[in-house]
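Under numbering that gives the first Met the number 0, the first residue of the sequence shown carries the number 0, and numbering increases by one thereafter. Virtual Cβ for every residue (Gly too), placed ideally from N, Cα, C. All values derive from a computational prediction rather than experimental measurement. Okay, structure first, notes after.
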Amino acid sequence: MRKRLILGLAMMVAVLSAQGQSTKPAPPAPTSPAPVPTVPQTDEGGPVIDNGSIVLPKKKEETPPPPAPAEEKVKNPGEEVFSMRVDVPIVNLDVSVLLDRTHAFVPGLKADNFLVVEDGIEQEVQTIRTARTPITAVMLLEFASNSYAFIQDMQNASASFFHSLQPDDYVAVETYDMRMHVLTDFTNNKDTIRQALQSLTMPGFRETNEFDALYETLDRLSRVEGRKYIILISNGRDTMSRLTLDQMMAKIKATPNVTIYTISTGGLARELSDARGQMGGSTRMNYLQADNQMRTFAQMTGGASYQPLFQGELPDIFSQINESIRTQYVLTYKPTNNKNDGTFRKVKIYLVDNEGKPLKMQDEKGKPLKYSIIARDGYRAKLPVE
0 MRKRLILGLA
10 MMVAVLSAQG
20 QSTKPAPPAP
30 TSPAPVPTVP
40 QTDEGGPVID
50 NGSIVLPKKK
60 EETPPPPAPA
70 EEKVKNPGEE
80 VFSMRVDVPI
90 VNLDVSVLLD
100 RTHAFVPGLK
110 ADNFLVVEDG
120 IEQEVQTIRT
130 ARTPITAVML
140 LEFASNSYAF
150 IQDMQNASAS
160 FFHSLQPDDY
170 VAVETYDMRM
180 HVLTDFTNNK
190 DTIRQALQSL
200 TMPGFRETNE
210 FDALYETLDR
220 LSRVEGRKYI
230 ILISNGRDTM
240 SRLTLDQMMA
250 KIKATPNVTI
260 YTISTGGLAR
270 ELSDARGQMG
280 GSTRMNYLQA
290 DNQMRTFAQM
300 TGGASYQPLF
310 QGELPDIFSQ
320 INESIRTQYV
330 LTYKPTNNKN
340 DGTFRKVKIY
350 LVDNEGKPLK
360 MQDEKGKPLK
370 YSIIARDGYR
380 AKLPVE
């Protein structure tokens, strides 16, 4: 029985084994493996990737422009090199013709009415024109603690000039005692000028170094182009300047295109003091010398000098100054002495009629009118330029 059982199990195992072999699929025939691409290695161990070469289109070669034709060389005779310089000096004169009584400008004059004499030699006036332009001016004010009457006259005179200014005028305000002080540089802002004048409340020193202040002002104006004016409001005395009167006059002669107008202060106070016998002989002489210096500075530059006694005279004075400096004749001539030697040439100007005689003026009633010709008394010739 046991043998039968073992035999039956063996037969059953054989049958199952046969069935498993019959249902199992046969394995596929082996094929040769596909080649694997090799990746090159760099020295650092990383792969080197080849993206392929990039081919750029070839640029078209630009054709250079043809060279410019060579300039024809012209030879001088004998291979000599010549140079020529033409330097013809021209003199411009600003001339004002004013009636003595009213200081009104005299219009309508022609070139033939002006006789210009330079160093004693008559010159030919080539052109003449009337100019009315804005002004560039410096108010140079004496502000020292010497007398309240002098300070008040200065303040009234500077205020009158301020009210006569036009919108296009450029004005600087300077004061002086021991030295010169610039309150405001050139400006056409009337508020700035007004504030500068209103700041003059407390003077400092008593000394009035007029020559030093005027010299420094002229030096500053020499760097400003065009016609300039100085309105010097002072008693004219100089107490302890480093410069002398001769040095001051030499500076005025050497500074072109500057006209000085002077307004003396303290006139009424001086008259009252002299009438009371309070002014000694030396003090009187000092003021007379100061008045003469103020007139000289004005005359040398073609300006005018005024010595008002009362405040009511100031509006008329500055009206005359405005008429003079805003309306002028501009004369042009070629000097017969055309040397550039740096010498000072004295110039005199006369008015003549058609016959060459002194020009006479009359009013509507036939009465003769006296007039003044205001112009510089000369100029300095240029220096030679090598």
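Taken through DSSP and simplified to helix, strand or coil, Thr174 comes out as strand. Contact between the segment 317-328 and the segment 94-109 is present, with at least three C-beta pairs closer than 8 Å. Taking C-beta atoms as the reference points, Asn208 and Met177 count as a pair closer than 7 Å. A straight line joining the alpha-carbon of Gln292 with that of Gly235 spans about 7 Å. Beta bridge pairing from DSSP links Leu287 with no other residue. Sequence-distant Cβ neighbours of Glu121 in its own chain, meaning closer than 8 Å and more than five residues away, are Leu114, Val115. In the DSSP annotation of this structure, the continuous segment of the alpha helix (DSSP H) that includes Glu270 starts and ends at 266-274. Look at Arg379 here: in three-state DSSP terms it is strand. Secondary structure of Ile192 (DSSP, three-state): helix. The three-state secondary structure of Pro367, taken from DSSP, is strand. Going by DSSP, Ala158 is part of the alpha helix (DSSP H) stretching over 147-162. Taken in chain order, the complete beta strand (DSSP E) segments of 3 or more residues contained in the segment 198-270 are 227-233, 257-263.
Taking the C-beta atoms as reference points, Met153 is found no nearer than 7 Å to Ile230. In the structure shown, Ala143 adopts coil according to DSSP, grouped into three states.
In the DSSP annotation of this structure, Asn321 is not part of any beta strand (DSSP E); the continuous alpha helix (DSSP H) holding it starts and ends at 313-325. Distance from the CA of Leu358 to the CA of Lys369, rounded to the nearest whole angstrom, comes to 10 Å. The distance from the Cβ of Thr191 to that of Tyr169 is about 11 Å, inconsistent with a contact at the 8 Å cut-off.
Boundaries of the beta strand (DSSP E) around Met179: 179-186. Between Asn145 and Arg205, the CB-CB gap stays under 7 Å. The residue among Thr342, Ile348, Thr132 with its C-alpha nearest the C-alpha of Arg226 is Thr132. In the DSSP assignment, Gln122 falls within the unbroken beta strand (DSSP E) covering 120-122.
Here the segment 304-320 makes contact with the segment 251-261; the two share three or more CB pairs at distances below 8 Å.
For Leu308, there is no enclosing beta strand (DSSP E), since its DSSP letter is neither H nor E. Minimum Cα-Cα distance from Asp376 among the listed residues Phe104, Gly119, Arg100, Asp111 corresponds to Gly119.
Exclusion of the five residues before and after Arg128 leaves Val329 as the residues of its chain whose Cβ lies within less than 6 Å of its Cβ. In this structure, Arg241 sits near Asp211, with a CB-CB distance shorter than 7 Å. Taking the Cα positions, Asn187 is about 9 Å away from Ala171. Within 10 angstroms of the beta-carbon of Gly302 lie 16 or more other beta-carbons, which makes it buried.
Between Ile348 and Asn112, the alpha-carbon positions lie close to 10 Å from each other. For Glu123, the closest of Leu267, Gln194, Asn336, Gln197 by C-alpha to C-alpha distance is Asn336. Scanning its chain for C-beta atoms nearer than 6 Å, with the 5 sequence neighbours on each side dropped, one finds around Phe149 the residues Asn234, Thr264, Gly265, in chain order. The Cβ atoms of Leu196 and Ser157 lie closer than 7 Å to each other. Residue environment: Ser323 is assigned as buried (16 or more neighbouring CB atoms within 10 Å of its CB, all protein chains considered). For the 7 Å CB-CB criterion, Leu220 and Lys250 do not form a contact.
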